[in-house]
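From first to last, the protein sequence lines are chains F and S. Each residue of the first sequence is one higher than the one before, counting from 0 in the working numbering. Each residue of the second sequence is one higher than the one before, counting from 0 in the working numbering. Comments concern the structure below.
Number of protein chains: 2
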Amino acid sequence: MIRLVIADDHAVVRMGLRFVLKINPDIEVVAEAADGDEAMKAVREHNPDILLLDIRMPGRDGLSALDEILAAFPKLKVLMLSTSDAEEDIFRSIEAGARGYVVKDNRPEIIVDAVNKVAAGETYMTDRVRRIYEMRKTLPDLTTRELELLRLTVRGLTNKDISAVLEISVDTVKAHLRHVFAKMDVATRAEAVAEAIRRGLASS
Amino acid sequence: MIRLVIADDHAVVRMGLRFVLKINPDIEVVAEAADGDEAMKAVREHNPDILLLDIRMPGRDGLSALDEILAAFPKLKVLMLSTSDAEEDIFRSIEAGARGYVVKDNRPEIIVDAVNKVAAGETYMTDRVRRIYEMRKTLPDLTTRELELLRLTVRGLTNKDISAVLEISVDTVKAHLRHVFAKMDVATRAEAVAEAIRRGLASS
DNA sequence: AGGAATATCACTCAAAGGTGTGACATTCTC
DNA sequence: GAGAATGTCACACCTTTGAGTGATATTCCT
């Protein structure tokens, strides 16, 4: 028997998943959660074999919950479930220790298959997700400072604005952003904004 | 009996919706569709009372399908179903003649309620959606040309690039973008990019 | 027909952005 | 403890962007 917790903020999706997972009668959904904190609570209370964890959730999101949950239950098998295939989401999930990553628009059997594989101790990624992961892995990471600058840039601040907010010189702002642009392989800030949103580095 | 067609690209969501809609035994799901074209086909074949239409779908998306479907079946009641509350999606849906707009993260009862209301001939929007719609309605529309320029901007092109692509002068590009920025109420192109993505005017 | 909206272009000027190069202190890492 | 990475700043230089103003032809709407 595979004991599983579903964490997704959409009630409709939770119900759909319950239904889909009936394909394999060995899977038992022992609890549901609507955000990261509830997921943590559900894992604590039910000690499941697998956690099916959505990334985008209001309140505590799946990625930040993932860190905490794996810190407390290092051996728990977590299968990330997401609507998006944003590089950053995939990368951070796997780096954080998730055993798999499935995108919701896959056919139901894929999801059940992923649960089975992960339950059996394997990792699971579709080819597409694996490709994105491998691609992202070769990219240099932004430093926390650089990420901070990028986020302010996405919010529409000019270099001068940023220098004022962070109380550093405009030259420093430019230096950081130059590094950011190089790492992201873009030429202008407008392009950086679009890329940052696409990759999931910053939200619009 | 309320005869209904579900159009959503996620099989999991379709199943969840089927389940949720059982709350009202008068609702009968007569067909499912996974994209805009299938939705059109399903409507043609089953002539339902209501179409529950997702916006973001691969291939033909919900919005473009909506126009065509309402052109063929002007009296069909269409309830838009979306993950996002992007202004542009809401606005275009209602302007195109949808009878309601619900966001998927609502509680299941809300969705069923929306179906009931729309079936009864009323329109349905949550307060939040109505607020966004009213806000958007007051904004001036971008012309198709302006939108075209904005999209190229979002893709990271400079004014010079754009002038080359569209074979117009850089001055003209600037003139258009000045109008765009004014209409969007932003000061810089980076901000415009973020806003365009947020509002659903252009995708990243 | 007349007016509004749209699309086009020109010219100027100031502000912001981006490149290249160099430097220095701190912190992390092996 | 040496070396790499990070965060900070400076200066010079050029490019791009954005604001202001004005003008013309076309199209759309009434």
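For each residue, glycine too, the CB sits at the ideal point set by N, CA and C. Predicted model, so just to flag it, every value in this text is computed and none were measured.
Exercise for the section: Step through the CB atoms of chain S and report whether any lies within less than 8 Å of the CB of A193 of chain F. Expected result: yes
Exercise for the section: Taking H9 of chain S as the query, report the chain F residues whose CB atoms sit under 7 Å from its CB, ordered along the chain. Expected result: K103, D104
Exercise for the section: Just tell me which of S:F18, S:A6, S:G99, S:L52 has its CA closest to the CA of E31 of chain S. Expected result: Per the Cα distances, S:A6.
Handout entry: Between the CA atoms of E37 of chain S and E44 of chain S - distance to the nearest angstrom
Key = Our two residues, E44 of chain S and E37 of chain S, have alpha carbons roughly 10 Å apart in a direct line.
Practice task
Quick one: residues in its chain with C-beta nearer than 8 Å to the C-beta of D84 of chain S, no 5 flanking neighbours on either side, listed in chain order?
Solution key: V102, R127, V128, I131
Practice task
Kindly indicate which residue of S:M39, S:R188, S:D60, S:A97 has the alpha-carbon position closest to the one of R154 of chain S.
Solution key: S:R188
Exercise for the section: Give the residues of chain F in contact with P24 of chain S, contact being defined as C-beta atoms less than 8 Å apart. Expected result: What P24 of chain S touches in chain F: nothing, since even the nearest Cβ is about 17 Å away.
Problem - Span of the alpha helix (DSSP H), counted from its first residue to its last, around L151 of chain F - result: Note, L151 of chain F: alpha helix (DSSP H), 143–153.
Handout entry: Sequence-distant residues of the same chain with beta carbon closer than 7 Å to L151 of chain F, five excluded per side
Key = I161, V164
Practice task
Give every residue of the same chain whose Cβ lies closer than 8 Å to the Cβ of N105 of chain S, excluding the five residues on either side of it in the sequence, and list them in chain order.
Solution key: Taking N105 of chain S as the centre and dropping the five residues before and after it, the same chain places the C-beta of T125 closer than 8 Å to its C-beta, in chain order.
Problem - the segment 84–94 of chain F touching the segment 108–115 of chain F, judged by at least three CB pairs closer than 8 Å - result: no
Problem - Contact list for the segment 150–171 of chain S against chain F, Cβ threshold 8 Å - result: Listed by position, the residues of the segment 150–171 of chain S near chain F (Cβ gap below 8 Å) are T152, V153, R154, G155, T157.
Handout entry: Residues from the segment 73–97 of chain F in contact with chain S, defined by Cβ distance under 8 Å
Key = T82
Handout entry: Backbone CA spacing between L149 of chain F and N46 of chain S [nearest angstrom]
Key = Cα to Cα, L149 of chain F sits roughly 50 Å from N46 of chain S.
Handout entry: Per-residue DSSP class, three states only, for V77 of chain S
Key = strand
Practice task
Provide the residue(s) that pair with D53 of chain F in DSSP beta bridges, ordered along the chain.
Solution key: F:L80
Handout entry: Contact list for T125 of chain S against chain F, beta-carbon separation under 8 Å
Key = Chain F residues near T125 of chain S: none, gap ~15 Å exceeds 8 Å.
Exercise for the section: Take the Cβ of M134 of chain S as the centre, count every other Cβ of all protein chains shown within 10 Å, and call the residue buried at 16 or more, exposed below. Expected result: exposed
Exercise for the section: Name the residue from S:A186, S:L51, S:M14 whose alpha carbon lies nearest to the alpha carbon of I1 of chain S. Expected result: S:L51
Handout entry: Contact list for the segment 174–190 of chain F against chain S, Cβ threshold 8 Å
Key = V185, A186, T187, R188, A189, E190
Problem - Separation of K74 of chain F from A118 of chain F, as counted between CA atoms - result: Answer to the nearest angstrom: the Cα atoms are 12 Å apart.
Exercise for the section: Enumerate in chain order the residues of its own chain whose CB-to-CB distance from V19 of chain S is below 7 Å, with the five nearest sequence positions on each side excluded. Expected result: P107, I110, V111
Exercise for the section: Would you give the residue range spanned by the beta strand (DSSP E) that V28 of chain F belongs to? Expected result: 26–32
Exercise for the section: Enumerate in chain order the residues of its own chain whose CB-to-CB distance from D66 of chain F is below 7 Å, with the five nearest sequence positions on each side excluded. Expected result: Excluding positions up to five away in sequence, the list reads A95.
Practice task
Could you work out which residues of chain S lie near V12 of chain F, taking near to mean beta carbons separated by less than 9 Å?
Solution key: Neighbours of V12 of chain F in chain S, taken as residues whose beta carbon is under 9 Å from its own, are H9, V11, V12, G15, K103 in chain order.
Problem - Simplified DSSP state of A113 of chain F, which is helix, strand or coil - result: helix
Handout entry: Contact check, M79 of chain F vs I54 of chain F, beta carbons under 8 Å
Key = Less than 8 Å separates the beta-carbon of M79 of chain F from that of I54 of chain F.
Practice task
State yes or no: is the beta carbon of I54 of chain F nearer than 8 Å to at least one beta carbon in chain S?
Solution key: It does not: the Cβ of I54 of chain F has no partner Cβ on chain S nearer than 8 Å.
Problem - 8 Å CB neighbourhood of V4 of chain S in its chain, flanking five on each side removed - result: So the list reads V28, V29, A30, E31, A32, A38, A41, V42, H45, P47, I49, L50, L51, once near-sequence residues are dropped.
Practice task
Over the uninterrupted beta strand (DSSP E) stretch that includes G99 of chain F, give me the two end residues.
Solution key: Boundaries of the beta strand (DSSP E) harbouring G99 of chain F: 99–102, taken from the DSSP string.
Handout entry: Under 8 Å by beta carbon: chain F residues contacting V19 of chain S
Key = A10, V11, M14
Practice task
Output, in chain order, the set of chain F residues within a Cβ distance shorter than 9 Å of P107 of chain S.
Solution key: A10, V11, M14
Exercise for the section: Please classify E86 of chain S: is it buried, with 16 or more other beta-carbons within 10 angstroms of its beta-carbon, or exposed? Expected result: buried
Handout entry: Spatial neighbours of V179 of chain F in its chain, beta-carbon cut-off 7 Å, leaving aside the 5 residues before and after
Key = Excluding the 5 residues flanking it on each side, V179 of chain F has same chain C-beta neighbours closer than 7 Å at L141, E145, L148, L149, A191, in chain order.
Practice task
For I5 of chain S, decide whether its Cβ has a neighbour in chain F, counting only Cβ atoms nearer than 8 Å.
Solution key: no
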